[in-house]
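Working notes, structure below.
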Amino acid sequence: MSSISPRNYQIGVCFTCQLCMYCGLDLTSNNCNCDKSIKPTKKNRTKEVANFRNLTYKPAIVHEKIKNTLSNSNQKYGYKLDIELPYNCTLCSACNSQINRNVKAADKEKKNIIVIPSSPTDGTSLPSTPLQMEFKLRMSIKQNKQVLPFVIISFTLDNPNFINFRDKLESYICEQVGLVYRNEYTLAYKSHSESGAGTLLGNEEAFDEFLKDYQSIVAGNKKVVIIVILRELSKKRSHENEVSEQESNDESENEAYQNTKSKKQLKKHIKKRIPKEATLNENEALVGSYVMKLNDKYICEIQNHKRCFIKEDRHLSLTNFAISLWAKEIVNKNADLDTPPNHAIFSMMHSVKQNFNFANIRS
1 MSSISPRNYQ IGVCFTCQLC MYCGLDLTSN NCNCDKSIKP TKKNRTKEVA NFRNLTYKPA
61 IVHEKIKNTL SNSNQKYGYK LDIELPYNCT LCSACNSQIN RNVKAADKEK KNIIVIPSSP
121 TDGTSLPSTP LQMEFKLRMS IKQNKQVLPF VIISFTLDNP NFINFRDKLE SYICEQVGLV
181 YRNEYTLAYK SHSESGAGTL LGNEEAFDEF LKDYQSIVAG NKKVVIIVIL RELSKKRSHE
241 NEVSEQESND ESENEAYQNT KSKKQLKKHI KKRIPKEATL NENEALVGSY VMKLNDKYIC
301 EIQNHKRCFI KEDRHLSLTN FAISLWAKEI VNKNADLDTP PNHAIFSMMH SVKQNFNFAN
361 IRS
């Protein structure tokens, strides 16, 4: 390929591709007889080149993409123009469209880019600046061969990594299907318009790729879908939760009978309801211990009440799911035994005002 000979720029030629704005000839290695010193206008258009753009280049305010494109063309064709000074030029319709696309893509990328501070090379430590990223997702849960409706979720994470991303998703999963642990489901992701099973999301390396794909998908004005596949183990646990809930509902009716049970029967009942420690990891065992503490702490003395969080004279009923979620949030350091999590089901809007009546208090 022959080298491009340097030349002076003429206003009647496209600055970035050397297209003659009158006859349409590529002047990179050719020449024509058109008067290229005349500025293109609407009145002197030809059938060969109907459209154009007159560009006033101002380096102080021009978009970086435009500046880079014109600078590259200045070097390519040897115009020898001072890129730091303003000047006028002409663009053909194809080059103008390409520049506009580049500008839009750069602006979208700038909105979604994650800037990670570089590590110092002189051995000194820089103050760490919290990195925040907002996620707007659609969550699809597949449970026992059934697909639940999409759930729209959004949240912001500081210094996002796979662990805190998964933990945040897990809280939303629990809202939909009850208490689950991380070994009871698999995560994947894909674009909403994409077919297939998606890409597995199970470790830090996969999460790094997810961040890149997330930015790319969002930049294209598409939705990101998180797919949650519950394993068969969750079916067994779901059954246990149903049994536990039913037992709780029948507790007041069978209270007299329960008090007459032998210690042997009671131990057998507890053993059945509480998983063996050997089947739990450290985190799950800790959640279980907080469940027991919360159950003991919030027993309500009002008849027909099981467990309540009481604030002033208002009682907020605590279901088994609410107790389990509270325990998990304590482990995640988002709550304690006296303060429930910042979650919709713990809103006092769901509470009832209790007018104390001695007839309603358990003897």
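Going by full-length UniProt numbering, the sequence shown opens with residue 1, and the numbers climb by one from there.
Using N, Cα and C, we set each Cβ at its ideal position, and we do this for glycine too.
By DSSP's assignment, Gln143 forms a beta bridge with Gln146. A residue is called buried when at least 16 other Cβ atoms come within 10 angstroms of its Cβ; Glu184 meets this threshold and is buried.
Contact between the segment 46-65 and the segment 19-26 is present: three or more C-beta pairs spanning the two stretches fall below 8 Å.
For secondary structure counted as the beta strand (DSSP E) over 3 or more consecutive residues, the segment 45-101 holds these complete runs in sequence order: 52-57 and 87-92. With a cut-off of 8 Å on Cβ pairs, the segment 4-21 is in contact with the segment 69-86, counting three or more such pairs. Residue pairing by DSSP places Cys20 opposite Val13 in a beta bridge. Using a Cβ distance threshold of 8 Å, Met348 and Lys311 count as a contacting pair. Under the three-state reduction of DSSP, His350 is assigned to helix. According to the DSSP secondary-structure assignment, Arg314 is paired through a beta bridge with Lys311 and Lys353. DSSP links Lys136 through a beta bridge to Ser154. Residue pairing from DSSP places Ile227 in a beta bridge opposite Ser140 and Ala188.
By the 16-neighbour rule on beta-carbons within 10 angstroms, Thr339 is exposed. In this structure, Leu294 sits away from Val331, with a CB-CB distance that is not shorter than 8 Å. Here Ala197 is exposed. Its C-beta has fewer than 16 other C-beta atoms within 10 Å. Setting aside the 5 residues that flank it on each side, Lys76 is surrounded in the same chain by Ile4, each with a C-beta closer than 7 Å to its C-beta; the list follows chain order. The C-alpha of Ile302 is placed about 34 Å away from the C-alpha of Glu170. In this model, Asn144 and Val177 are separated by some 12 Å (Cα to Cα). Membership of Arg166 in the alpha helix (DSSP H) is indicated by the continuous run Phe162 to Val177. If you look at Ser195, you'll find it isn't in any alpha helix (DSSP H); DSSP assigns it neither H nor E. A straight line joining the alpha-carbon of Met292 with that of Ile163 spans about 26 Å.
Secondary structure of Asp26 (DSSP, three-state): strand.
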